[in-house]
Amino acid sequence: MSPVLQFRDRVAEASWLQFLEEEGKVTVFAPTNAAIEKFDKNKFLKLSGDDSKRPWLRNFFTQGKIFANDLPNEQSSFARGAPKLFFSPHKEDNQRFYVNEALVIRRSHGSDNVVVYLIDTVPNFSTFENLPPSADEVLQNTDKINELKGTTNLGFRGRVNTLGLRELFSSATPSTFFMPVGHFIGTLSKEFVQAHVIPGRVLFTPQFGNDHYPTAAWPAGETSQGPRIEVSLVNETIADVTGADHHDDHHHHNRHFDAQAPAYTLLVKSTTKGPASKGSVLSRISQANVPVSNGVIHFIDSPLALVTKSIADYIKDPKENKNRFNLFADIVRQSPQFLRELQDGQQQRTLFVPTNQAVSVLPNDVWTQYKSNKTELYKLLRYHLVSTRVLTEEGLARSGAETAVSAAGAPLVLRRVRCHTGCSYDSGSRSELVVECAGVNGSVVSADIAATNGVIHLVDRVLGAPSHSLGWKLQKEEALTTTQVVATKGLWNKVLDQPTSRFTLLAPENKAWQRVNENYPSEYKRLVQLPSEAHVQAARVMDRHLAEGELTREDLLKVSQIKMRNGELIEVERASGDQMRLKWNGEVCNFVRNDLQATNGVIHIIDCVFMTRRDLIASSADVTSSRRVLLVFVPLLLAVFAART
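Just so we're aligned, residue 924 is where the sequence shown starts under this note's numbering, counting upward by one.
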């Protein structure tokens, strides 16, 4: 079956097709069957028409042969009164390119005069009464676009006209425009209006990537005192809230929240840089990729750069929380005491808001416990609030890490870390922001959302409430990558996923393993760098770092020794104040971090490895076992060799 069968069948019946072929060289952008299904097949059939004229289909045809290595910036299609087609190269593949928001998948078979490309999306070919309007003409009258009749942008239009900024939208320079719809309260300054235009760049949504683009509110010259505002696109995946945790292959508990169809929310994010920085403002894109004569318009549901809501109002607003963090908003409503704390006081503050996905992966019994104990629920919510400080990504650019105290009294750390796989939130240079409080660390998925009384960060975990096993926790902790490598030898780490057991893991940090490498390089190589070797020895070392039962920092302060899984005892020695350290085999170890909570235990990060060179030498039992395998394997090998010769 042809990948463009549906498009081909509709075009084949068009009366003008032969005329186009006689015109000379033609390029066709053919949406695949999958693209039409995604667009809505019934809508596609309706737009393409039942008569022989089928004028809408002419949007997919343009004069001349277009090639990836010689792209025009823009070109008209054969459709009468249609907007131009805008072209842009793919950032990573020079054989692919975009036509409006559609990505060219590949070139298909054509002829000497006809070039055919398969595209992955049916573009938004808006219809006009006459010639395609400019962005300014749409601003003055949204009825210029048939699909937007009845839509109002009165508030934004009034500010543009009052400030004398129509030229921003009428300029012939192809640009990207963000147009707020509806009436809104609040006065937009000149700079805030300018923040709705990216001059000289036509960007349909798939072309934004993770880049940040300076707007017209980005004064030239480093000495300018005005605000500098840039925009970027945020694609927030909405969790299906079925209880399935797509990051975790370990045991799952029954979940409390009902299923919800997977989807995503597309937002535009404006960020004010420099001394006037107040964080970022997010606005939901209500209708994207509307081409006009001088670029493309994205309609948004609220103005950019304008901060109008307090933290509490932002959390409660259904327009903001829908499909993003409405589950957390529902939980906050169950704690009037916390809600009052968010609203009271004049101090600027920081709130970490768990996403729907973060809330949905917690075990059902956890929420049952919190619903029945309002005191504990209030304490849990306060782990997410820093009452007296604003912690921002821009602040981390200077320090790399910010330490504060949550409203619940627990230390809270926000830091930037390297991410080697997919970043939850791209903070530049393959790094992401991580927050840790009350034994749980989460990744920031959307940072520095500005409010009138502080900032909000969306995070992928509920702070203070463990949602994953020790095995998952070990795998995700950046400081424990070497311990994770050793633990996977011979699948020893599977013990950390047992849902009905409780454990305490004393996990050496990476720096501790590096000292092992310096002291015993050959043994370290076998243990860490050679996957097929030292499985028995790795298990022996890891057993010395694991204790049965859960011992928090508070518990450790009350004991003098810990019995490890291999039967050995690790001494717990009190130091000055409430500090403590561990002693084993004459070596003293310090705690780096305590109480990394998991659903089946706790991890304490330590600065040493309980290991000697002796541990890396195969025991007689190991050697006997190896010889036994060799004695079985050699005759088999000889038999196979004899059979083949």
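From the three backbone atoms N, C-alpha and C, an ideal C-beta is built for every residue, glycine too.
### Query
Where in the segment 1037-1115 do unbroken runs of the beta strand (DSSP E), each at least 3 residues long, occur, reported from the N-terminal end onward?
Runs found: 1037-1042, 1098-1103.
### Message
Can you tell me whether residue 1462 is helix, strand or coil according to DSSP?
### Response
Three-state result, residue 1462: helix.
### Message
Can you look up residue 1557 in the DSSP assignment and give me helix, strand or coil?
### Response
Model confidence at residue 1557 stands at a pLDDT of 41, short of 50, so the residue's coordinates are unreliable; what they give is reported in the following sentence. Here residue 1557 sits in helix by DSSP.
### Message
I believe residue 1382 touches residue 1392 by the beta-carbon criterion, under 8 Å. Please report the beta-carbon distance rounded to the nearest angstrom.
### Response
Contact between residue 1382 and residue 1392 does not hold, since the beta-carbon distance rounds to 20 Å and is not under 8 Å.
### Task
Inspect the beta-carbon positions of residue 1422 and residue 1523 and report whether they are closer than 8 Å.
Yes, the pair counts as a contact, with Cβ atoms nearer than the cut-off.
### Task
Buried or exposed for residue 1295, please, with buried defined as at least 16 other CB atoms from any protein chain shown within 10 angstroms of its CB.
That one is exposed.
### Query
Roughly how many angstroms separate the alpha carbons of residue 1159 and residue 1223, rounded to a whole number?
Near 15 Å, if we compare the C-alpha coordinates of residue 1223 and residue 1159.
### Query
For residue 1277, does the count of other Cβ atoms within 10 angstroms reach 16, so buried, or fall short, so exposed?
Buried, since its Cβ has 16 or more Cβ neighbours within 10 Å.
### Query
What's the call for residue 942, buried or exposed, on a 16-neighbour Cβ count within 10 Å?
By the neighbour-count definition (other C-beta atoms within 10 Å, threshold 16), residue 942 is an exposed residue.
### Three-state secondary structure (DSSP) of residue 959
Shown here, residue 959 sits in a helix according to DSSP, grouped into three states.
### Query
Hey, residue 956 and residue 928: beta-carbon distance below 8 Å or not?
At the C-beta level, residue 956 and residue 928 come within 8 Å of one another.
### Cutoff 7 Å; reference residue 1388; Cβ partners in own chain excluding five residues on either side
Excluding positions up to five away in sequence, the list reads 1285, 1289, 1303, 1363.
### Message
With a threshold of 8 Å on Cβ separation, who are the neighbours of residue 1249 within its own chain once the five nearest residues in sequence on each side are excluded?
### Response
Counting only Cβ-Cβ distances below 8 Å, and skipping sequence neighbours, we find 1241, 1279.
### Message
So for residue 1011, helix, strand or coil by DSSP?
### Response
Judged by DSSP in its simplified three-state form, residue 1011 adopts strand.
### Query
Among 1376, 1380, 1106, which residue has its Cα nearest to the Cα of residue 1337?
Here the closest residue by C-alpha is 1380.
### Task
For residue 1136, write down the residues that DSSP places opposite it in a beta bridge.
Answer by DSSP bridge pairing, in chain order: 1154.
### Task
Since I believe residue 1427 is in contact with residue 1472 (beta carbons under 8 Å), could you give me their beta-carbon distance rounded to a whole number of angstroms?
At roughly 7 Å, the Cβ-Cβ gap stays under 8 Å, so residue 1472 and residue 1427 are in contact.
### Message
Suppose you measure from the CA of residue 1184 to the CA of residue 1368; what does that come to, to the nearest Å?
### Response
Low per-residue confidence applies at residue 1184: pLDDT is 43, beneath 50, and the placement is therefore not dependable enough to give any value.
### Message
Rounded to whole angstroms, what is the Cα-Cα separation between residue 1360 and residue 1475?
### Response
In this structure, the CA atom of residue 1360 is about 15 Å from the CA atom of residue 1475.
### Task
Measure the beta-carbon distance from residue 1272 to residue 1311 and round it to whole angstroms, keeping in mind my assumption that it falls under 8 Å.
Right, their Cβ atoms sit about 7 Å apart.
### Straight-line gap, residue 947 to residue 1014 (C-alpha atoms, nearest Å)
Straight through space, the alpha carbons of residue 1014 and residue 947 are spaced by roughly 31 Å.
### Query
Helix, strand or coil for residue 1492 per DSSP?
When secondary structure is reduced to three states using DSSP, residue 1492 falls in the strand class.
### Message
What would DSSP say about residue 1500, mapped onto helix, strand or coil?
### Response
Coil, per DSSP.
#### Entry: residue 1006, buried or exposed, once every other Cβ within 10 Å from all chains shown has been counted against 16
When all chains shown are included, residue 1006 counts as buried.
### Presumed contact (8 Å Cβ cut-off) between residue 1251 and residue 1282, rounded CB distance
With a Cβ gap of about 6 Å, residue 1251 and residue 1282 count as contacting.
### Task
Would you kindly work out how many angstroms separate the C-alpha atoms of residue 1019 and residue 984, rounded to a whole number?
It is roughly 18 Å from the alpha-carbon of residue 1019 to the alpha-carbon of residue 984.
### Neighbourhood of residue 1645 by C-beta, 6 Å cutoff - its chain only, sequence neighbours within 5 removed
Given that the chain is displayed from residue 924 to residue 1568, the structure contains no residue 1645 and the question cannot be resolved.
### Query
Considering only residues of the same chain and omitting the five flanking positions on each side of residue 1511, which have a CB-CB separation below 6 Å?
Excluding positions up to five away in sequence, the list reads 1504.
### Query
Nearest to residue 1142 by CA position, among 1134, 1115, 1133, 1529, is which residue?
Of the candidates 1134, 1115, 1133, 1529, 1115 places its Cα closest to the Cα of residue 1142.
### Message
Just to confirm my understanding: we take residue 1306, look at its own chain, exclude 5 residues before and 5 after, and list those with CB closer than 7 Å. What are they?
### Response
Within the same chain, residue 1306 has close Cβ partners 1329, 1331, 1333, 1360, 1361, 1386, 1387.
### Three-state secondary structure (DSSP) of residue 1540
For residue 1540, the secondary structure class from DSSP, reduced to helix, strand or coil, is coil.
### Query
Going by other Cβ atoms of all chains shown within 10 Å of its Cβ, with 16 needed for buried, is residue 1540 buried or exposed?
Exposed, since its Cβ has fewer than 16 Cβ neighbours within 10 Å.
### Query
Below 8 Å between beta carbons: does that hold for residue 1119 and residue 1101?
If you check the CB distance, residue 1119 and residue 1101 come in under 8 Å.
### Query
The beta strand (DSSP E) spanning residue 1431 covers which residue range?
Residues 1426-1431.
### Query
Taking residue 1465 as the reference, which of 1499, 1418, 1123 has the closest Cα?
Nearest C-alpha to residue 1465: 1418.
#### Entry: Reduced DSSP category for residue 925 - H, G, I as helix; E, B as strand; rest coil
Coil, per DSSP.
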